[in-house]
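Data first, discussion second: the structure below is written as structure tokens.
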Amino acid sequence: MKTNDVILQTMTNVVLFIVLIFSIFIFFNGHHEPGGGFIGGLMTSSALVLLLLSYDLETVKKVLPIDFKIVTAIGLLVAVGTGMGSFLFDAPFLSQTYDYFTFPVLGELELATALLFDIGVYLVVIGITLTIIQTIGEDK
Amino acid sequence: MTNLMIWPILIPLLTGVVLLLAPKRVLFQRALSLIAGVALIVLNIFILLSIHQDGILTLELGGWNPPFGIVLVGDMLAALLITTTSIVSLPILLFSIYTIGKEREQFYFYAFYQFLITGVIGAFLTGDLFNLFVFFEVMLISSYILIVHGGTKIQLRESFKYVLVNVISSAFFVVGVAYLYAVTGTLNIAHLSERINSLDSPAPILTVIAVLFLIVFGLKGALFPLYFWLPASYTAPPFAIAAIFGALLTKVGIYSIFRTYSMIFTHDIGFTHQLLSILAALTMVIGIIGAIAHQDVKKILVYNVIVAVGFVLFGVSTMTEAGFIGAIYYVLHDMVIKGALFLLIGAMVIVAGTSHLKEMGGLIKHHPRLGWMFFTATMALVGVPPLSGFVGKLMLIQGGIEAGQYGIIAVMMVTSLLILYSMIRIFLKGFYGQIKLLKADQYGSSKGLLLPCAFLITVSALMGLGAEALYPFAESAAKTLLNPEIYIDAVLKE
Chain A
80 MKTNDVILQT MTNVVLFIVL IFSIFIFFNG HHEPGGGFIG GLMTSSALVL LLLSYDLETV
140 KKVLPIDFKI VTAIGLLVAV GTGMGSFLFD APFLSQTYDY FTFPVLGELE LATALLFDIG
200 VYLVVIGITL TIIQTIGEDK
Chain B
47 MTNLMIWPIL IPLLTGVVLL LAPKRVLFQR ALSLIAGVAL IVLNIFILLS IHQDGILTLE
107 LGGWNPPFGI VLVGDMLAAL LITTTSIVSL PILLFSIYTI GKEREQFYFY AFYQFLITGV
167 IGAFLTGDLF NLFVFFEVML ISSYILIVHG GTKIQLRESF KYVLVNVISS AFFVVGVAYL
227 YAVTGTLNIA HLSERINSLD SPAPILTVIA VLFLIVFGLK GALFPLYFWL PASYTAPPFA
287 IAAIFGALLT KVGIYSIFRT YSMIFTHDIG FTHQLLSILA ALTMVIGIIG AIAHQDVKKI
347 LVYNVIVAVG FVLFGVSTMT EAGFIGAIYY VLHDMVIKGA LFLLIGAMVI VAGTSHLKEM
407 GGLIKHHPRL GWMFFTATMA LVGVPPLSGF VGKLMLIQGG IEAGQYGIIA VMMVTSLLIL
467 YSMIRIFLKG FYGQIKLLKA DQYGSSKGLL LPCAFLITVS ALMGLGAEAL YPFAESAAKT
527 LLNPEIYIDA VLKE
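Chains A and B are the protein sequences, given in the same order. If you want my numbering, it's the 1-based position in the first sequence plus 79. If you want my numbering, it's the 1-based position in the second sequence plus 46.
See below:
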């Protein structure tokens, strides 16, 4: 008999977005408070793992047709690329800088190039975690 | 120009990352790896020459001054080692293109090969102890994957042991770093050296930490009694992978002992370096016993890797200029010649279809070039004068005499003789003797396989013939190791 997962799946649909938003919050918060690319990436992948638990692998692959190995590679490229960005300014590798910008709705914000490096870390963590989980999960 | 020192790390890293994007396009993978290999050689030679001209080059990552930030230090020793690494890794890459097989190539083989080189070069260049640990892990994690890559039964079994041993030794490394940080409050190698050497009465805890680091690097570099994992792990993977392991991986452990035992832990030479010299002698003995005892060509070669570790570390333990020059010569020679011998033995096993000495014979009839190349490589390994092994051993003996270590010199001489015996036995039984296989029965040809071997043997011969030209480089590297002030001044800029 096929089990009925309606409660689990409905709750997942609600909770998923809360977890995703919280992970993005944590990710952007890393510069001044606890958080950052690693923990943010883990939390995003935990949201996707929740999706995997309540639906099955094929459904998730249909919803997110992403090759996570490519995500890892892109993350690495972003991280190394931000380090190499300093070459343009004749500064040592991995130099960073920050400045304040005023945005229409959000007001004045501090933007640092370290955030770009964190995006790389974030993508690598998501890519690696989901590659591991999908590879172990697949029957072959 | 500011960022010159990061490029030897960036080239293999970026190549590896780009190779991750298209795993199934084998031709693209091969071409890009080869181009990156050639580019790395050109760049490293350029760096070597500029260091020879201008002295030590440093790069403060992120613009943070040492000791607060991470600094990459290119002194002569590091430059010689990264140049040799790039020169050795290209022919092994070429050999793996011929032998590794489509199945493996399509599953990220070249990407992990590049990451392994990233780790090795990073470990040679870094000037920070924790960064050294990180590059060790980059190198080791790639080597875990390469050792199990393909998933045959023997690889699975041996990789399990290999990973277990290395995880434990990495944990010891972290503990050692933690102790050292608790005692000195810094992790920058130059700053550590300055702080420890300025102490009037160094605490015994520093000697304990020195021995702890000897355990860690001895496990990575296969020093007696910590060599037990090496023979089985290095015979499990395919020859191309075993060659890169034999040529590079143990050398990183040796380099770390070089660095720490000449720059950081020099406060109690009587104990630490005595210990090192005894362990080096025992490593030679145990390695040569293994090399003579085995009938399997792979095993004979693998035990010879262990012997070389003993030779180099004996040079370090003498703490004399001649000893250091000898150790540097020998480690460079050994990287090249072990790469060549692994490839030659690989070609031999492919041709003969077996790695057991009793089952092969008469190969020279159909493979004369392979046979004579093997003979030349053996002579270079033993240290016959025109080839590369000679100068290193000569200087090691000179350093040993200066330090008064006559007993260990005697062990070294006897070991050298027995190396000749263990290797020439392969030549006499495998290449001469009764022909066991008809030409029609022989597996494949050695056609493409000989080119990388010939390249490495040429490099070895050039290193022997051009020993005079190489000498100023080795001398300046030894000077920096013996006078840490040069290194400290270059890094901390006082």
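From the three backbone atoms N, C-alpha and C, an ideal C-beta is built for every residue, glycine too. This one's a predicted model, so the numbers in the text were calculated from it and none came from an experiment.
Next item on the list: Taking only beta-carbon positions, decide if K141 (chain A) is within less than 8 Å of chain B.
Entry: no
Check: When you compare only the Cα positions, how much space is there between F179 (chain B) and Y301 (chain B)?
Finding: 13 Å
Notebook entry, point to check: Taking the DSSP output, what are the residues bridged to G120 (chain B)?
Noted result: B:L103
Notebook entry, point to check: Quick one: which chain B residues come within Cβ less than 7 Å of D169 (chain A)?
Noted result: Residues of chain B passing the Cβ test: T48.
Item checked: Contact set between the stretch 171-188 of chain A and chain B, restricted to residues whose Cβ is under 8 Å from the partner -> Residues passing the 8 Å Cβ filter: P171, F172, L173, S174 and Q175.
Checklist line | Continuous beta strand (DSSP E) stretch holding F182 (chain A): start and end | finding: Y177 to F182
Check: Is F166 (chain A) close to chain B, meaning its C-beta is less than 8 Å from at least one C-beta of that chain?
Finding: yes
Check: Beta-carbon of A184 (chain B) versus every beta-carbon of chain A: anything under 8 Å?
Finding: In the sequence as displayed, the identity of residue 184 (chain B) is Val instead of Ala. Contact with chain A is absent for V184 (chain B), since none of that chain's Cβ atoms lies less than 8 Å from the residue's Cβ.
Check: Mind checking if V204 (chain A) is an interface residue toward chain B, Cβ cutoff 8 Å exclusive?
Finding: no
Item checked: Cα-Cα separation between A520 (chain B) and V221 (chain B), rounded to whole angstroms -> 33 Å
Notebook entry, point to check: Is the Cβ of L59 (chain B) closer than 8 Å to any Cβ of chain A?
Noted result: Taking 8 Å as the CB threshold, L59 (chain B) lines the interface with chain A.
Notebook entry, point to check: Of the residues B:S434, B:L495, B:A426 and B:G446, which one's Cα is nearest the Cα of I465 (chain B)?
Noted result: B:A426
Notebook entry, point to check: Per the contact definition of three or more C-beta pairs closer than 8 Å, is the stretch 150-159 of chain B in contact with the stretch 113-121 of chain B?
Noted result: With the cut-off at 8 Å, the stretch 113-121 of chain B and the stretch 150-159 of chain B do not touch.
Check: How would you call A327 (chain B), buried or exposed, if buried means at least 16 neighbouring beta carbons within 10 angstroms?
Finding: buried
Check: Shortest alpha-carbon distance to L80 (chain B) belongs to which of B:A523, B:L65 and B:T461?
Finding: B:L65
Item checked: Within-8 Å CB hit, L178 (chain B) to chain A -> no
Note to self: Please give the ranges of any beta strand (DSSP E) in the stretch 340-370 of chain B, keeping only runs that are unbroken, at least 3 residues long and fully inside the region.
What the structure shows: none
Notebook entry, point to check: Going by C-alpha distance, which of B:L269, B:T306 and B:L139 is nearest T253 (chain B)?
Noted result: Closest option to T253 (chain B), Cα to Cα, is B:T306.
Check: Quick one: is V362 (chain B) near chain A, going by C-beta distance under 8 Å?
Finding: So, not an interface residue.
Margin query: Can you tell me whether Q451 (chain B) is buried or exposed? The criterion is at least 16 other CB atoms within 10 Å of its CB, across all chains shown.
Written below: buried
Item checked: DSSP beta-bridge partners of H402 (chain B) -> According to DSSP, H402 (chain B) bridges with B:D342.
Note to self: With a threshold of 7 Å on Cβ separation, who are the neighbours of L155 (chain A) within its own chain once the five nearest residues in sequence on each side are excluded?
What the structure shows: Hits under 7 Å: G199 and V203.
Checklist line | Residues near K482 (chain B) in its chain [Cβ-Cβ closer than 7 Å; skip 5 each side] | finding: E405, M406, G407 and G408
Check: Applying a beta-carbon distance threshold of less than 8 Å, which residues of chain A neighbour E106 (chain B)?
Finding: P171
Margin query: What does the Cβ neighbour count give for S174 (chain A), buried or exposed, with the cut at 16 atoms within 10 Å?
Written below: Burial call: buried.
Item checked: Residues of the stretch 85-110 of chain B with Cβ closer than 8 Å to any Cβ of chain A, in chain order -> L105, E106, L107, G108 and G109
Item checked: Cβ pair count under 8 Å reaching 3, the stretch 311-330 of chain B against the stretch 415-423 of chain B -> Touching, no.
Notebook entry, point to check: Between the stretch 133-144 of chain A and the stretch 171-186 of chain A, do at least 3 Cβ pairs fall closer than 8 Å?
Noted result: no
Next item on the list: For the beta strand (DSSP E) containing G186 (chain A), list its first residue and its last residue.
Entry: Counted as a single uninterrupted DSSP element, the beta strand (DSSP E) harbouring G186 (chain A) occupies residues G186 to A191.
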